[in-house]
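Okay, structure first, notes after.
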Amino acid sequence: MEKILDGIECFDIQCLRKVSRDIRSCIDLLKPNPHIGQYTIRHFGRKNYPETMEAFIFLRNLFGTRIWYRNREFTEHEDNFLVHNSVYCGDQLIERLVNDFEINMKHQKSKMMKFSLESKGTANL
Numbered sequence: 016m017e018k019i020l021d022g023i024e025c026f027d028i029q030c031l032r033k034v035s036r037d038i039r040s041c042i043d044l045l046k047p048n049p050h051i052g053q054y055t056i057r058h059f060g061r062k063n064y065p066e067t068m069e070a071f072i073f074l075r076n077l078f079g080t081r082i083w084y085r086n087r088e089f090t091e092h093e094d095n096f097l098v099h100n101s102v103y104c105g106d107q108l109i110e111r112l113v114n115d116f117e118i119n120m121k122h123q124k125s126k127m128m129k130f131s132l133e134s135k136g137t138a139n140l
């Protein structure tokens with residue numbers, strides 16, 4: 016299992032953790048490096064969506080993903096792809112974003128190329 020984990024990155028590790036409790040325990044014991052190359056956390060500050068934040072995670076192979084953290088009340092009336100690519104946090108928006116960051120970065124052993132926090136507009140968070 017250790018050889019397999021050495022060859023995979025963050026998103027594959029997350030998928031493997033969901034297979035079974037025993038595999039999750041093994042992964043937690045071995046603590047594989049997620050190989051995250053860039054992590055950006057951004058606050059929108061847009062008028063229509065003041066409580067929306069997003070995280071961009073790029074791996075060393077330049078494959079990446081974007082996660083929107085939103086308060087559920089702002090997505091109930093939308094009919095677009097953002098609704099389906101969002102994590103709904105309610106009043107726990109910041110806590111959820113920080114918790115996900117900690118989980119993703121907990122076993123990072125290699126140097127990250129870039130980490131940034133960005134805020135656009137005014138925030139009440």
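Numbering-wise (this note's numbering), the sequence shown opens with residue 16 and increments by one.
Ideal placement from N, C-alpha and C gives every residue a C-beta, glycine not left out.
Does E117 pass the burial test, meaning 16 or more other C-beta atoms within 10 Å, or should it be called exposed? By the neighbour-count rule (16 or more Cβ atoms within 10 Å), E117 is not buried but exposed.
How long is the line joining the alpha carbons of L140 and Y103, rounded to whole angstroms? Its pLDDT being 45, under 50, L140 is placed unreliably by the model, and the measurement read from it follows with that caveat. Rounded to whole angstroms, L140 to Y103 spans 15 Å at the Cα level.
Rounding to the nearest angstrom, what Cα-Cα distance links F71 and I23 in this structure? Rounded to the nearest whole angstrom, the CA to CA distance from F71 to I23 is 19 Å.
According to the neighbour-count rule (16 or more other Cβ atoms, all chains shown, within 10 Å of its Cβ), is R81 buried or exposed? So R81 ends up on the exposed side.
With a cut-off of 8 Å on the beta carbons, I'd call H50 and S125 a contact; round off their distance for me. Yes, they are in contact, since the Cβ atoms of H50 and S125 sit about 6 Å apart, within 8 Å.
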